[in-house]
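A short write-up of the structure that comes next.
Protein chains: 2
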Amino acid sequence: MTAVSDEIRVVLDGAWGDLRQRVRHELKPEQILGEPGQSVAEQRARVTRQLLALADAGYGRIGFPAQYGGELDYGASCVAFEMQAYGDLSLLVKLGVQFGLFGGAVTRLGTERHHSAYLADIMSGKLLGSFGMTEVGHGSNVQRLETTATYDPATSEIVIHTPTASAVKTYIGNAAQDAQMAVVFAQLITNEGGHGVHALLVPVRDEAGNALPGVTIGDNGVKAGLPGVDNGTFAFDQVRVPKANLLNAFGDIDDSGTYVSDIDNENRRFFTMLGTLVRGRVCVGGGSGSSAKKALAIAIRYGDHRRQFEAPGDEQEVVVLDYLAHQRKLLPRLAKSYALSLAQNIVTERLEELHGAGAAGGEKDQEAQRELETRVAGLKAVTTWHALETIQVCREACGGAGYMAENQLGQMRADVDVFTTFEGDNTVLLQLVAKGLLTEYKELWGDLDPAAMVGMVSKQIAEGAVERTTGRARLQKMLDLAKGRDDDSALDDRGWQLSMFEQRADHTLETVAKRLRKATKDNAFQLFNGAQDHVLLAARTHIDRIVMEAFAEAVDAMEDGPAKALMDRVCSLYALASIEEDKAWFLEHGRLTTTRSRAVTAQVNQLCADLRPHVLTLVDALGIPDGLITAPIAASPGA
Amino acid sequence: MTAVSDEIRVVLDGAWGDLRQRVRHELKPEQILGEPGQSVAEQRARVTRQLLALADAGYGRIGFPAQYGGELDYGASCVAFEMQAYGDLSLLVKLGVQFGLFGGAVTRLGTERHHSAYLADIMSGKLLGSFGMTEVGHGSNVQRLETTATYDPATSEIVIHTPTASAVKTYIGNAAQDAQMAVVFAQLITNEGGHGVHALLVPVRDEAGNALPGVTIGDNGVKAGLPGVDNGTFAFDQVRVPKANLLNAFGDIDDSGTYVSDIDNENRRFFTMLGTLVRGRVCVGGGSGSSAKKALAIAIRYGDHRRQFEAPGDEQEVVVLDYLAHQRKLLPRLAKSYALSLAQNIVTERLEELHGAGAAGGEKDQEAQRELETRVAGLKAVTTWHALETIQVCREACGGAGYMAENQLGQMRADVDVFTTFEGDNTVLLQLVAKGLLTEYKELWGDLDPAAMVGMVSKQIAEGAVERTTGRARLQKMLDLAKGRDDDSALDDRGWQLSMFEQRADHTLETVAKRLRKATKDNAFQLFNGAQDHVLLAARTHIDRIVMEAFAEAVDAMEDGPAKALMDRVCSLYALASIEEDKAWFLEHGRLTTTRSRAVTAQVNQLCADLRPHVLTLVDALGIPDGLITAPIAASPGA
């Protein structure tokens, strides 16, 4: 660690830097690393053992309410997850299922009776549980789940039932081997009729580990990755649980058997429930971001000493990272990892503000909650795809060595894969982002023309995100400086870069809103479907903009000096590589001249060359504990 | 199979259609499918067992010389490989190592004494062998291998030795468990000095399977994929083999201990030797192409019945392949699979012409050989990346189900991964393509200006490929029709499409040649390195052009009717999706107006919609044996 890398690390660490430092020093590699080549049974046993050991060490308590023995705050649980993601990802997902999904659902969807009864045992690992949402027939469209939970007034019980083969719960983590209890999402039905999807606590195994009567447990068996996670299936045949097992924070059945809820609208109630579970997506985004960083650390360290092919007239071969093509593979992705990391910190802070112990609630928070959900959904999609692609590119950049299990990339790549479709399919999530943006839009509809509306929406969203900081004013200042001189300003002008991101996001949203405004009852699906690529673009560019703003803000807030100067160039590389990827859009929309468009590519190449001497500093600044990078190729050749 | 899909299948099958049909009907699924979840030891045992069974069934004989018991022709071995690639890829690679790399090297680099001694046992699987090229320190730069083969005139033996840790042979298939013998590539040294890299037969295990004295065999252990392939390491400590073990087709040591070769230039000799092994790359390209097709068949069949989310006003949910975003993921990739398949057929035919039993040899063939190598290198890179990306997209398009081993995509994805860096790292191969093009260039240098030279080179290359057919004349006719009316011609005008591919390839090559022409002894590396992204673009666009021409030619040669009409649209989708991907380039270089550029995207969307009703026909036409698609999600829901 140099002074520069340390200073940058502190910036990347963000608000929970102390916790990150604690985890770096406290966790031993053997506590969270996996072992390649074990059988599925061995992997599962190892992961369960590690999970219980981490629970013993107190890691299960992070983020739970203090009054039940929890520790630290809600945001801290996301940060701990990010740090644990530098270890084995099967273990990470198992931790996420137990403490995040299962424990989180009991906390957020349940009430005091559930908290006092179960949280202590969940944190300690004494009670292992599943999160039973997905069904064979329904992954993304959770509102159409088919499992039923029917209230029986005669016994005050609720009957859980799987009516069809497509209603079987599947891909459920912890199910095949460990869970004693599951949070089951099902259509709640009383005498009055259906009330939409609700969650209930359903015991699934007895103390000896056998399935309880009426519960059929299956094993999803071998998967493309995450071998240590015991994904499985649950089917219920008229299984009865006490009414008290309904997680009743948002809807309940009173003593007279009548359904009661503070939220009358079934649709709104459903999305409010789901909204309280937004942490899962925050964690998946953060965890996959960590994986990308670890892969980059391995590939960059290897590329910094691996030699292949001699330059004309040279006897010694060239270090592969001195090749432009190699830099092109790794450095823009490193810059993007920085950018996403800083954007991730902001959503984690925002999550703590809105969902942490001190959250105020109320109308204003509802608006902020929607903004958070939109941002989290998009950032999860963008980060998981970034991670998948980055790990793959790193694997290829390491050649055959990258394919060997000992060099860690293969398992990471296989594990991260599923992050792109679980906790929300990425394509569906981006549509959710667009829907969020367009909803804001609709509410401002009135007589405004689309351009004016986009201005308002985009301002509102930006302000929502940075209102607690002086960041927005800073960003606005940079933007204002850039206005009106697009083609004259230097490519490394931050204001110009920000303006390009803003224009891309605003224009795509504005035009998609115009297209969709023509929807009538009869053509709605056709119209929406025909614009789907445009909708996805609007969502992605919106997220890109948010990410760029997070990076610009963080650099601007640094003290002048070599660390800031270095970060400034990394930020420019992120910005220009993103603009370069969308060159066609900028050209088509007259936002870049052809001359300037070519200059962008030249400048990306130049920045790669400029950053080349600093790559190890930039990798060190990621703060990945050295003990977790066991890949022999990442070791310095002198070591 | 409908008449249409059958007609298209025959076109895709190409020259070895009969062999493909034979394999389709003859091979039982259990002969070539793998089993998910087995341990590495079980996978290896299963793969060895399957390999020996296939050898018993005669599959090892395909492509070997008839006089030693071989069967069919050289090109046929590539086609058989493509068909076997619909099964387990560990088995495929194991077959490739035994019969292709090991057997191929003995055939092509050895002479009669090696053929008569070993080929029968190689074909029958009695003699299992390795191909010992890659070393720890040298993967791509094979000329710098460090293993030595020193001739000892006292005993007429050659001493094989591993002088350093970086000289250890590694990632060698068949090494860890099965090989009794290895073709070892080493620096051949006689009293006169070094003669560059040569190949030798080195026994490595005794009959009981123990390493022979002086040979240290290691196990690469668990990998990111290909669990059934026993990759391992060889280190040699002064291991002596008879002089006769030198594979002496291109260089020998005579009885007086003097090195003799028909090719004086060491560099040329080395590349001539490697050139005879070009089949390996043909196979890897073809095999990965098959994998992409199988993944598309699974994802498209699932997407054709999986439903998720209801359209407004509809009770039933929408079939996911009716969504534009889903079509966008799968259909352009299906079109590209068609295109690559047809281009692959051409290189296979070309390989047979130049390397088959009837090959003439001579000057003309040397030029053709260089053209073949260039084309094969590029097609291998483009196809393996296409396969990797396609399988991944298919996995995601199938959601959580795509991640389950039973649905076959995960293992394929993990296995195909390494195809991007073995048999030549893709990035290095694309540079080889560019080098090939620029060499032609240089030879035509003289006083011509670069544009005129590119015209000549590109004409020559195109003619080289299609001279045996009337295809070139056809292509030229389509091109001529399109000239001079770029912006007026319809987007589905084949001539215009071809012209866009031609312009992109020619212009990138022309400009990169101009840049590199400025090279002096002092700036050569800097200049080349600074242009590396440009060099890679020139290579890739050249291959894209060749692929497009293969598709256009095949469609043009079909009889008029519904099959041709359908193929015509698939070809347009391939063309326009490729143009769309490089929109920025076409805009920057004034080859597309912004209006037309947007129209390209709209037309890609339109073609996806047009082809949507025909997807199952197009999948059937791939001719993948149904028994090899065991993924439950690919079964029709009524089945």
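In order, the protein sequence lines correspond to chains D and B.
Under the numbering used here, the residue at position 16 of the first sequence is numbered 16, and the numbers go up by one with no gaps.
Under the numbering used here, the residue at position 598 of the second sequence is numbered 598, and the numbers go up by one with no gaps.
We put the CB at the ideal spot given by N, CA and C, even for glycine.
These figures come from a predicted structure and were not determined experimentally.
Just the chain B side, please: which residues come within less than 9 Å of residue 414 (chain D) by C-beta, in chain order? Chain B residues near residue 414 (chain D): 224, 225, 410, 413, 414.
With burial defined as no fewer than 16 other Cβ atoms inside 10 Å of the residue's Cβ, what is the status of residue 134 (chain D): buried or exposed? Residue 134 (chain D) should be labelled buried.
Among D:185, D:493, D:76, nearest to residue 236 (chain D) - alpha-carbon criterion: By alpha-carbon distance to residue 236 (chain D), the top candidate from D:185, D:493, D:76 is D:185.
Within chain B, partners of residue 420 (chain D) - CB distance below 8 Å: The contacting residues are 396.
Using only the alpha-carbon positions, how far apart do residue 74 (chain B) and residue 356 (chain B) sit? Here the C-alpha atom of residue 74 (chain B) lies approximately 5 Å from the C-alpha atom of residue 356 (chain B).
Flag residue 216 (chain D) as yes if its beta-carbon sits less than 8 Å from any beta-carbon of chain B, otherwise no. With 8 Å as the cut-off, residue 216 (chain D) does not count as an interface residue toward chain B.
Decide yes or no for the touch test of the segment 57 to 65 of chain D against the segment 116 to 129 of chain D: beta carbon pairs closer than 8 Å, at least 3 of them. Yes: at least three Cβ pairs fall under 8 Å.
Buried or exposed: where does residue 187 (chain B) fall if 16 or more other Cβ atoms within 10 Å of its Cβ makes it buried? Classification for residue 187 (chain B): buried.
Tell me which residue opens and which closes the alpha helix (DSSP H) that residue 501 (chain B) is part of. In the DSSP assignment, residue 501 (chain B) falls within the alpha helix (DSSP H) that extends over 494 to 517.
Chain-ordered neighbours of residue 308 (chain B) on chain D, where CB pairs are closer than 8 Å: Within chain D, the residues near residue 308 (chain B) are 138, 139, 140, 141.
Using the C-alpha atoms, what's the distance from residue 332 (chain D) back to residue 447 (chain B)? Confidence at residue 447 (chain B) is low in this model, with a pLDDT of 48, below 50, so the placement of that residue should be treated as unreliable; the coordinate-derived value is given next. If you take the alpha carbons of residue 447 (chain B) and residue 332 (chain D), they lie about 41 Å apart.
Counting only Cβ-Cβ distances shorter than 9 Å, please list the residues of the segment 532 to 548 of chain B near chain D, keeping chain order. Contact annotation: in the segment 532 to 548 of chain B, residues whose CB is within less than 9 Å of a CB in chain D are 532, 533, 535, 536.
Which class does residue 229 (chain B) belong to by DSSP, given the choice of helix, strand or coil? Here residue 229 (chain B) carries a coil assignment [DSSP, helix/strand/coil].
Starting from residue 67 (chain D), trace the alpha helix (DSSP H) in both directions and tell me its first and last residue. Element bounds for residue 67 (chain D): n/a, residue is neither H nor E.
If we define contact as Cβ-Cβ less than 8 Å, is residue 100 (chain B) a contact residue for chain D? Not closer than 8 Å to any Cβ of chain D, the Cβ of residue 100 (chain B) fails to qualify, so no.
For residue 158 (chain D) and residue 96 (chain D), I'd like the C-alpha separation in whole angstroms. Just so you know, the alpha carbons of residue 158 (chain D) and residue 96 (chain D) end up roughly 28 Å apart.
Counted within 10 angstroms of its Cβ, other Cβ atoms place residue 345 (chain D) as buried (16 or more) or exposed: Buried is the call here.
Are the beta-carbon atoms belonging to residue 282 (chain D) and residue 351 (chain D) less than 8 Å from one another? If you check the CB distance, residue 282 (chain D) and residue 351 (chain D) come in under 8 Å.
Of all the options B:549, B:11, B:301, B:542, which has the alpha carbon lying nearest to the alpha carbon of residue 648 (chain B)? Outside the shown range of chain B, which is 1 to 639, sits residue 648 (chain B), and nothing can be said about it.
Tell me the DSSP secondary structure of residue 190 (chain B) in three-state form. Of the three classes helix, strand and coil, the one that applies to residue 190 (chain B) here is strand, per DSSP.
Does residue 427 (chain D) have its Cβ less than 8 Å from a Cβ in chain B? The beta-carbon of residue 427 (chain D) is placed less than 8 Å from the nearest beta-carbon of chain B.
Member of D:538, D:161, D:172, D:514 whose CA lies at the smallest distance from the CA of residue 423 (chain D): Looking at the Cα atoms, D:172 is the closest of the given residues.
Could you pull the start and end residues of the alpha helix (DSSP H) that residue 417 (chain D) belongs to? Residue 417 (chain D): member of the alpha helix (DSSP H) spanning 409 to 417, first to last residue.
Assuming residue 584 (chain D) and residue 584 (chain B) are in contact, meaning their beta carbons sit under 8 Å apart, how far apart are those beta carbons, in whole angstroms? Their Cβ separation, rounded to whole angstroms, is 4 Å, which keeps residue 584 (chain D) and residue 584 (chain B) in contact under 8 Å.
Which same chain residues, not among the five before or five after residue 53 (chain D), have their C-beta less than 8 Å away from its C-beta? Excluding its 5 nearest sequence neighbours in each direction, residue 53 (chain D) has C-beta neighbours in its own chain below 8 Å: 31, listed in chain order.
With a threshold of 8 Å, are at least 3 pairs of Cβ atoms found where one atom belongs to the segment 609 to 627 of chain B and the other to the segment 574 to 593 of chain B? Too few Cβ pairs lie closer than 8 Å, so no.
Neighbour flag for residue 529 (chain B) against chain D, beta carbons, 8 Å: Look at residue 529 (chain B): its C-beta is under 8 Å from a C-beta on chain D.
Give me the subset of the segment 163 to 188 of chain B whose CB atoms are less than 9 Å from a CB atom of chain A, sorted by chain position. Reference to chain A is not applicable here, since the protein chains of this structure are D and B.
Could you work out which residue in B:143, B:4, B:3, B:11 is closest to residue 555 (chain B) when comparing CA atoms only? Measuring from the Cα of residue 555 (chain B), the nearest candidate turns out to be B:11.
Report yes if the C-beta distance between residue 386 (chain D) and residue 295 (chain D) is below 8 Å; otherwise report no. Result no, Cβ atoms of residue 386 (chain D) and residue 295 (chain D) do not sit closer than 8 Å.
Where residue 560 (chain B) falls, given that 16 or more other Cβ within 10 Å makes a residue buried: By the neighbour-count definition (other C-beta atoms within 10 Å, threshold 16), residue 560 (chain B) is an exposed residue.
Could you check whether the segment 231 to 250 of chain B touches the segment 204 to 218 of chain B, counting it as contact only if at least three pairs of C-beta atoms, one from each stretch, sit closer than 8 Å? A contact is defined here as three or more CB-CB pairs under 8 Å, and the segment 231 to 250 of chain B meets this definition with respect to the segment 204 to 218 of chain B.
Applying a beta-carbon distance threshold of less than 9 Å, which residues of chain B neighbour residue 301 (chain D)? Going along chain B, no residue has its Cβ under 9 Å from residue 301 (chain D), so there is no contact; the nearest lies around 17 Å.
Return the residue from the list D:499, D:505, D:405 that minimises the CA-CA distance to residue 438 (chain D). Answer by Cα proximity: D:505.
From the DSSP output, in three-state form, read off residue 306 (chain D) for me. Residue state, collapsed to three classes: coil.
Counting contacts by CB-CB distance shorter than 8 Å, is residue 68 (chain B) in contact with chain D? It does not; no Cβ of chain D falls within 8 Å.
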